[in-house]
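J.: Numbering (mature numbering (1 follows the signal peptide of the UniProt record, and there is no 0)), first residue to last: -21 to -1, 1 to 267. Got a structure for you, questions after.
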C-alpha cells in the first residue's frame, strides 16, 4: 500500500532553531552560515522516515508571510515577531539540502504548508498518510487513513493521533475541531474567536450543538452570558472559523509526491559539503 509521509517543514525548522538558539548554539558551517535549525530539521526528517517507513515523502513549506487568509483578516499572524537574523539564511538553504537528499519540497505562494498538507492528504484517500508536525491545528485532517505524529522533545518521540484516538479523547469529530477553534480563537495565529469563550466552553458547546451554525440557531438555549458574547462577536466567530479551516484545494503540480527509496548514495557528501557535522554523527548512529 502507498504510504505517504508529509512533513511540516517550517514548523520543524523553527522548532529546531529555537531549541538550540536559547543557548546561542547556532552551529555555523565553514562558510559562516548558521545551521542549527537545518541540522535539527534534517535529523527530525530522517528519524520520521526511519520510523514510519513511507513509500513517498513530501516536505511542505510556507512560501512567504502573506496568504489568502490575510485578505479576509489583515491581522492574521501579524502578532508574530520577525524571524531572528540567524534563521533567515536557513530558509532557502534548508530547501536546497532537502532536495539534494531526495526529499520532495512542496509549497505554493499564497497558501500555508498546512493547506498543502491538507490538499495532499485529501488526494491520497486510497493510501495511508502520516503527517509529522508540532501543530495541533492539523488534527482536523484526521481520517481513517490519515494520522498525525506530533513532535515532542528530542528526536523520535511523538504523540500520535489516529481518528479513533481523537474521537475517544475529545468526543468530537476532526471537522468539529474547526468549529471549536472558531469559538476559542488562536492567540498564536492572531485571531480572537469569541471574546470570553475559552477552550473548555468551546468544546462543551460544540459537543452539545455540533456546529457553529447549529449553535447560532439555538442561542436561546445558552446562558445569558454566553448568548451575549456570541451575539456581540458573531462576525468575528465566522471569520475565525474560516481562518481555522485548512484549505484542501491548493493548486498543486502533478505528480505531487516523489517516491521515496531512502537517502541517495551521495547523502554523506551533501552533509559534508554543507558542514552539517551534527547530522553526520546522527546518521552514523541511525545506521547502526
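Quick reminder that beta carbons are idealized off the backbone N, C-alpha and C, glycines included. Predicted, not measured: the structure shown is a model, and the values here were computed from it.
Note the first and the last residue of the continuous alpha helix (DSSP H) segment covering residue 143.
T.: Residue 143 -> alpha helix (DSSP H) spans 142 to 149.
J.: Which complete alpha helix (DSSP H) runs does the stretch 88 to 173 hold, if anything under 4 residues is left out?
T.: Counting whole runs of 4 or more residues, the stretch 88 to 173 contains the alpha helix (DSSP H) stretches 92 to 102, 142 to 149 and 153 to 163.
J.: Can you tell me the Cβ-Cβ gap for residue 100 and residue 125, rounded? I've got them flagged as a contact below 8 Å.
T.: With 8 Å as the limit, residue 100 and residue 125 qualify as a contact, their Cβ atoms being about 5 Å apart.
J.: Name the one or two DSSP bridge partners that residue 258 has.
T.: Residue 258 pairs with nothing; no bridge assigned.
J.: Please state whether the Cβ-Cβ distance between residue 224 and residue 98 is less than 8 Å.
T.: No; because the gap between Cβ atoms is not below 8 Å, this pair is not in contact.
J.: Indicate the three-state DSSP secondary structure (helix, strand or coil) for residue -3 in the structure shown.
T.: Helix at residue -3.
J.: Reducing DSSP to helix, strand and coil, say where residue 84 ends up.
T.: Of the three classes helix, strand and coil, the one that applies to residue 84 here is strand, per DSSP.
J.: Runs of 4 residues minimum, wholly inside the stretch 194 to 244: which ones carry the alpha helix (DSSP H) assignment?
T.: You should have 203 to 211 and 213 to 223.
J.: For the candidate residues 160, 167 and 208, whose alpha-carbon lies nearest to that of residue 190?
T.: Ranking the options by Cα distance to residue 190, first place goes to 160.
J.: From this set, 136, 252 and -9, which residue's C-alpha is nearest residue 18's C-alpha?
T.: Minimum Cα distance to residue 18 is reached at -9.
J.: Inspect the CB distances between the stretch 40 to 50 and the stretch 73 to 87 and report whether three or more fall short of 8 Å.
T.: Result yes; three or more Cβ-Cβ pairs closer than 8 Å.
J.: Note down the Cα distance separating residue 240 from residue 34, rounded to an integer number of angstroms.
T.: Each residue's alpha carbon lies about 7 Å from the other.
J.: State the Cα-Cα distance for the pair residue 238 and residue -18, rounded to the nearest angstrom.
T.: Straight-line Cα distance between these residues: approximately 9 Å.
J.: Mapping the DSSP letters down to three states, classify residue 38 as helix, strand or coil.
T.: Here residue 38 sits in strand by DSSP.
J.: Less than 6 Å between C-beta atoms, sequence neighbours within five positions excluded: which residues of the same chain meet that for residue 112?
T.: Here the set comprises -14 and -11.
J.: Use the C-beta contact count for residue 46: other C-beta atoms within 10 angstroms, 16 or more gives buried, fewer gives exposed.
T.: Answer is buried; the Cβ neighbour count reaches 16.
J.: Pop quiz: residue 130 and residue 140 are said to be a contact at Cβ under 8 Å. What is the actual Cβ separation, rounded to whole angstroms?
T.: In fact, because the Cβ distance is near 12 Å, the residues do not count as touching under 8 Å.
J.: Taking only the alpha-carbon atoms, compute the straight-line gap between residue 208 and residue 110 and give it to the nearest angstrom.
T.: Cα to Cα, residue 208 sits roughly 36 Å from residue 110.
J.: According to the Cβ coordinates, are residue 5 and residue 36 closer than 8 Å?
T.: Taking 8 Å as the Cβ cut-off, residue 5 and residue 36 do not qualify as a contacting pair.
J.: Would you check if the distance between the CB atom of residue 212 and the CB atom of residue 174 is smaller than 8 Å?
T.: Yes. Within cutoff.
J.: Report the rounded CA-to-CA distance for residue 255 versus residue 133, giving the unit in angstroms.
T.: Answer to the nearest angstrom: the Cα atoms are 18 Å apart.
J.: How is residue 23 classed by DSSP in three states: helix, strand or coil?
T.: Three-state DSSP puts residue 23 in a helix.
J.: I need the boundaries of the beta strand (DSSP E) containing residue -18, first residue and last residue.
T.: Note, residue -18: beta strand (DSSP E), -19 to -14.
J.: Are the CB atoms of residue 162 and residue 121 within a distance shorter than 8 Å?
T.: Cβ distance not < 8 Å, so residue 121 and residue 162 don't count as in contact.
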